[in-house]
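Student: Attaching a single structure in structure tokens format; questions to follow.
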Amino acid sequence: MAQVRVMGDEDEVAAVLEVLLPFVQTSTAVVASAPQELGMRGPGRRVVFELLPAAPGPVTVERADQPAPRRRELRS
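Written as structure tokens, this is what we have:
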């Protein structure tokens, strides 16, 4: 699992997360954990979240040809 860490001053981190989180959360390629605020020893802000590759979804196959009509057998 990968960890994404956004660090900087309050306004910069807020601006980056405002763009980054919706992008990551709507992605079908990765799954993101909830962001967590980390404490800092000085001024600024630190936010982290983890990313995992998304599990492969169901596979669908579409036919390009038309299936042959089914023949019904006559019953006597």
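Each residue of the sequence shown is one higher than the last, beginning at 77 in this note's numbering. Note that beta-carbon positions come from the ideal geometry of N, C-alpha and C, so glycine has one too. Nothing here was measured: the structure is a model prediction, and the numbers come from that model.
Excluding the 5 residues flanking residue 125 on each side, which residues of the same chain have their C-beta closer than 6 Å to its C-beta?
Tutor: Taking the first residue of the sequence shown as 1, we reach residue 125 at position 49. Contacts found: 80, 108, 109, 111.
Student: If you follow the beta strand (DSSP E) that residue 82 is part of, which residue opens it and which one closes it?
Tutor: Position 6 of the sequence shown, counted from the start, is the residue given in the question as residue 82. It spans 78-84 - the beta strand (DSSP E) in which residue 82 sits, taken as one unbroken run.
Student: Quick one: grab the DSSP three-state call for residue 137.
Tutor: Within the sequence shown, numbered from 1, the residue matching residue 137 stands at position 61. Coil at residue 137, not helix or strand.
Student: Select from 146, 84, 149 the residue whose C-alpha is nearest the C-alpha of residue 114.
Tutor: Position 38 of the sequence shown, counted from the first residue, corresponds to residue 114. Of the candidates 146, 84, 149, the one whose C-alpha sits nearest the C-alpha of residue 114 is 84.
Student: How would you write the range of the beta strand (DSSP E) that residue 148 sits in, first residue to last?
Tutor: Your numbering for residue 148 matches position 72 in the sequence shown. It is not in any beta strand (DSSP E) - residue 148 carries neither H nor E in the DSSP assignment.
Student: Roughly how many angstroms separate the alpha carbons of residue 86 and residue 94, rounded to a whole number?
Tutor: As a first step, residue 86 is located in the sequence shown; it is residue number 10 there, counting from the start. As a first step, residue 94 is located in the sequence shown; it is residue number 18 there, counting from the start. In a straight line, the C-alpha of residue 86 is about 12 Å away from that of residue 94.
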